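All the letters of the sequence shown, read from the start, carry residue numbers 164 to 580 under the working numbering.
The beta-carbon is built from N, C-alpha and C at its ideal position, and this holds for glycine as well.
Computed from a predicted model, the values in this text were never measured in an experiment.
For reference, the structure is listed below as structure tokens.
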Amino acid sequence: MNEPDPSASAGRARLLAGVRSALLSGRDGPAVTLLPRRLALRLPLLLLLAGMTIGFTGGSIAIAIEVYHVKPGLAAPLGVLQAAPLIFAVRWPLAAWRFATAGLLLTVFVRHGAGFMPWPVTAILALVVILFFTGVGADRQTTVGVGAVTVAGVLAPAVLFGMPSWFAMILTGIAGVALTFGDAVGGRHSAVEELRRREEQHRRDLARQAVLEERARIARELHDVVAHHMSVIAMQAEAAPYKIPDLPDAAKQTFGVVRDAAREALTETRRVVGLLRSDDEGAERAPQPGLDRLDDLVAAARRAGLSVAAAVVGMPRPLNAGVDLSAYRIVQESLSNAARYAPGSQVHVEVKYGADALAVSVTDDGARGAPQESRGGGHGLVGMRERVTMLGGRLDAGPRDGAGWSVAAELPYGDPD
């Protein structure tokens with residue numbers, strides 16, 4: 164006894180599932196749409212589709228009346244049922260196919276096999292277009308079911324009522340080509356859309372990673388500043404009993420508590436921030452820079468080929484370590500972007516000490532595109548925004564009128580160290 168072929172059984176099961184999906188439960192909406200997003204391109208295509216629908220519908224009615232001598236009372240609804248669904252086939256292809264095939268099948272019974280072919284040629288043309296849109300919008304299993312139902316439910320009854328079998332085979336091939344071509348176009352569009360979604364997700368992931376890396380870098384830099392001050396507190400608390408004679412025991416105990424608390428806080432801070440350091444940053448011990456090194460930045464930018472003019476406006480004042488460091492980094496990254504995207508340009512750097520905030524601006528006159536966001540290892544516009552946001556300030560960065568780029572940051576002073 165021969166055992167049933169598992170592959171054949173699986174094929175039949177898929178075919179039955181496709182037929183069921185085509186007739187009953189198929190998703191009534193395209194997975195992709197061929198209509199462009201821009202209205203200027205979408206409108207002509209919709210007008211073309213509307214014109215085809217009117218022509219095919221009118222032709223189906225006229226041919227049925229004039230050539231096939233069908234009564235107008237029957238020809239009109241049958242023609243509308245056969246061709247009019249084309250108007251919404253681009254959005255609801257399965258529904259359009261169901262209406263069109265119902266109209267074709269009813270026409271077979273109405274004409275009772277009279278003539279070479281029971282349907283007007285315009286109805287067949289409308290069906291071909293609808294099958295194409297069905298192949299575009301439906302999944303492959305449903306597309307196979309649509310083809311099977313079209314052959315078995317429309318063409319086979321027409322053959323039984325007298326249509327030549329060889330002509331039915333031609334129509335079967337045309338239907339198969341329309342569905343296959345639609346499936347190929349739909350698959351390509353799906354692949355393109357999936358690629359676009361993955362690229363967009365990748366871009367968002369990179370931006371999120373850049374923000375996290377920049378925040379970690381800011382935390383490491385501020386740790387170095389805070390660690391310095393905590394060390395000073397611990398050393399001063401340790402030395403106080405030796406510098407002040409006849410210090411009461413209660414005061415000595417207080418200084419001891421301050422010393423121990425400062426040391427514990429310094430240890431915990433180093434332990435937590437140490438997790439954020441990469442292997443090549445573990446040995447960094449250099450003091451964090453500030454605006455006192457502005458001249459060094461300008462000199463380095465000039466060596467990179469920029470023509471830089473720097474100005475300090477207002478009366479310099481002691482700055483909070485975070486403000487000082489952030490202002491330095493903003494100038495540093497702005498000059499780096501100018502050297503990268505506008506080499507040889509003229510750059511103006513201004514540091515203005517206002518009443519309540521420090522204003523930093525860097526402008527250049529070079530033609531360039533927007534600086535790339537940070538992708539790790541650098542600051543970029545992401546780093547500038549994170550630093551300014553951390554300090555409760557404001558950042559404006561963008562192209563200037565004409566040519567060039569401008570970065571302007573306003574950093575509230577906060578409490579000085």
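Pair within 8 Å by beta-carbon distance, residue i and residue j
| i | j | result |
| --- | --- | --- |
| Ala180 | Gln304 | yes |
| Thr306 | Asp346 | yes |
| Ala286 | Leu267 | yes |
| Val273 | Leu237 | yes |
| Val494 | Val475 | no |
| Ala566 | Asp528 | yes |
| Ala462 | Ala502 | no |
| Gly555 | Pro575 | yes |
| Phe324 | Val284 | no |
| Val551 | Leu521 | no |
| Arg378 | Glu549 | yes |
| Leu498 | Leu460 | yes |
| Ala373 | Val182 | no |
| Tyr516 | Met478 | yes |
| Pro281 | Met326 | yes |
| Pro408 | Phe418 | no |
Residue environment, residue i, which counts as buried when at least 16 other CB atoms sit within 10 Å
| i | result |
| --- | --- |
| Tyr491 | buried |
| Arg591 | Within the shown structure, residues of the chain are numbered from 164 to 580, placing residue 591 beyond reach of any answer. |
| Ala176 | exposed |
| Arg480 | exposed |
| Ser394 | exposed |
| Pro248 | buried |
| Gly298 | buried |
| Gln245 | buried |
| Arg261 | buried |
| Phe279 | exposed |
| Ala315 | exposed |
| Val230 | exposed |
| Ala413 | exposed |
| Val420 | exposed |
| Glu496 | buried |
| Leu334 | buried |
| Arg360 | exposed |
CA nearest to the CA of residue i, picked from the options
| i | options | result |
| --- | --- | --- |
| Ala424 | Lys406, Met398, Pro404 | Met398 |
| Ala472 | Ala484, Val514, Arg503, Val486 | Val514 |
| Ile337 | Ala258, Leu210, Phe295, Arg360 | Phe295 |
| Arg243 | Ala289, Val271, Asp455, Arg480 | The question names Arg, but residue 243 is Val in the sequence shown. Ranking Ala289, Val271, Asp455, Arg480 by Cα distance to Val243 puts Ala289 first. |
| Leu342 | Leu358, Val292, Pro327 | Val292 |
| Gly308 | Arg201, Leu358, Val512, Ser184 | Ser184 |
| Ala265 | Trp329, Ile333, Leu186 | Leu186 |
| Leu544 | Asp564, His511, Ser489 | Ser489 |
| Gly466 | Leu482, Gly453, Ser508 | Here the sequence assigns Arg to residue 466, which means Gly is not the residue at that position. When only C-alpha atoms are compared, the closest one is Ser508. |
| Asp458 | Arg360, Val512, Lys406, Glu427 | Val512 |
| Gly453 | Arg426, Glu427, Leu482 | Leu482 |
First and last residue of the uninterrupted beta strand (DSSP E) at residue i
| i | result |
| --- | --- |
| Asp559 | 557 to 562 |
| Leu111 | The structure shown does not extend to residue 111, since the chain is modelled only from 164 to 580, so the question has no answer here. |
| Ala473 | 470 to 476 |
| Val486 | Premise fails: Val486 lies in the alpha helix (DSSP H), 484 to 504, not in any beta strand (DSSP E). |
| Leu574 | 568 to 575 |
| Ala518 | Run containing Ala518: none; DSSP gives neither H nor E here. |
Unbroken alpha helix (DSSP H) run spanning residue i, endpoints
| i | result |
| --- | --- |
| Val243 | 235 to 246 |
| Pro207 | 202 to 229 |
| Val299 | 284 to 300 |
| Asp459 | 457 to 466 |
| Pro320 | 319 to 323 |
Rounded separation between residue i and residue j - CA only
| i | j | result |
| --- | --- | --- |
| Leu178 | Ala301 | 14 Å |
| Pro240 | Arg367 | 53 Å |
| Ala263 | Ala321 | 15 Å |
| Leu469 | Val570 | 16 Å |
| Gly561 | Trp568 | 6 Å |
| Ala227 | Arg201 | 39 Å |
| Ala258 | Ala252 | 7 Å |
| Ile250 | Thr526 | 56 Å |
| Ala370 | Asn500 | 18 Å |
| Thr216 | Ser172 | 41 Å |
| Pro506 | Gly339 | 60 Å |
| Phe344 | His365 | 31 Å |
| Ala400 | Ala484 | 22 Å |
| Leu558 | Val355 | 37 Å |
| Pro207 | Gly174 | 42 Å |
| Glu363 | Ser328 | 52 Å |
| Lys406 | Arg426 | 20 Å |
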